[in-house]
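Novice: Sequential numbering from 0 applies to the sequence shown in our numbering. For every residue, glycine included, the Cβ atom is placed at its ideal position computed from N, Cα and C. Computed from a predicted model, the values in this text were never measured in an experiment.
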Amino acid sequence: MKYTLSNILANSIIDNPVKRSKVINESGMHILLQDVIVILSTGNKITIPKGFKWDLASVPQILHNIIREHGDDDIAYLIHDYLYIHQVTSREFADREMLKWAKAMRRTDRLSIQNIDIYLRYYVVRAFGSFIWNK
0 MKYTLSNILA
10 NSIIDNPVKR
20 SKVINESGMH
30 ILLQDVIVIL
40 STGNKITIPK
50 GFKWDLASVP
60 QILHNIIREH
70 GDDDIAYLIH
80 DYLYIHQVTS
90 REFADREMLK
100 WAKAMRRTDR
110 LSIQNIDIYL
120 RYYVVRAFGS
130 FIWNK
């Protein structure tokens with residue numbers, strides 16, 4: 000199955016590619032147990048391969064009361080980590096794509112109390128993501 004911004008919410012209810020595909024190894028990383036095919040907002044296709052390791056949303060411990068470490072919008076953070084590691088897009092695009100997928104999973108396009116955490120993640124990654132991107 001190919002996941003897109005327009006079908007991810009409906010398809011993730013039936014077959015969430017991230018929740019069904021992740022296990023935590025000894026280092027706290029999540030490991031993808033099946034390929035995940037994603038059509039980005041540009042129409043470009045990426046295949047995140049089985050065995051890919053990622054750390055969800057990388058939320059610092061101090062922010063755990065404000066920002067959940069994981070939830071229904073985990074696919075946004077999987078896509079973001081893949082784009083950061085492989086750098087097949089610009090950093091700005093990867094960050095915006097994360098926000099778009101998180102908003103698609105939350106069925107919202109507006110800032111509200113219910114989704115303030117996805118905007119906080121976006122602004123934190125815009126401010127500090129260059130440290131990871133440039134490694």
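Could you check if Ala126 is buried or exposed, using at least 16 other CB atoms within 10 Å of its CB as the buried criterion?
Specialist: Exposed, since its Cβ has fewer than 16 Cβ neighbours within 10 Å.
Novice: May I ask which residues mark the beginning and end of the alpha helix (DSSP H) holding Leu98?
Specialist: Leu98 -> alpha helix (DSSP H) spans 90 to 105.
Novice: Alpha carbon to alpha carbon, how far is Met104 from Ile7? Give it in angstroms, no decimals.
Specialist: Near 7 Å, if we compare the C-alpha coordinates of Met104 and Ile7.
Novice: What residues in its chain sit with their C-beta under 8 Å from that of Gly27, if we drop five residues either side in the sequence?
Specialist: Closer than 8 Å at Cβ, skipping near neighbours: Asp54.
Novice: Using only the alpha-carbon positions, how far apart do Ile91 and Ile45 sit?
Specialist: One point to set straight first is that residue 91 is Glu, not Ile, in the sequence displayed. If you take the alpha carbons of Glu91 and Ile45, they lie about 17 Å apart.
Novice: With burial defined as no fewer than 16 other Cβ atoms inside 10 Å of the residue's Cβ, what is the status of Lys102: buried or exposed?
Specialist: It counts as buried.
Novice: Can you pull the DSSP bridge partners for Tyr2?
Specialist: In DSSP, Tyr2 forms a bridge with Val37.
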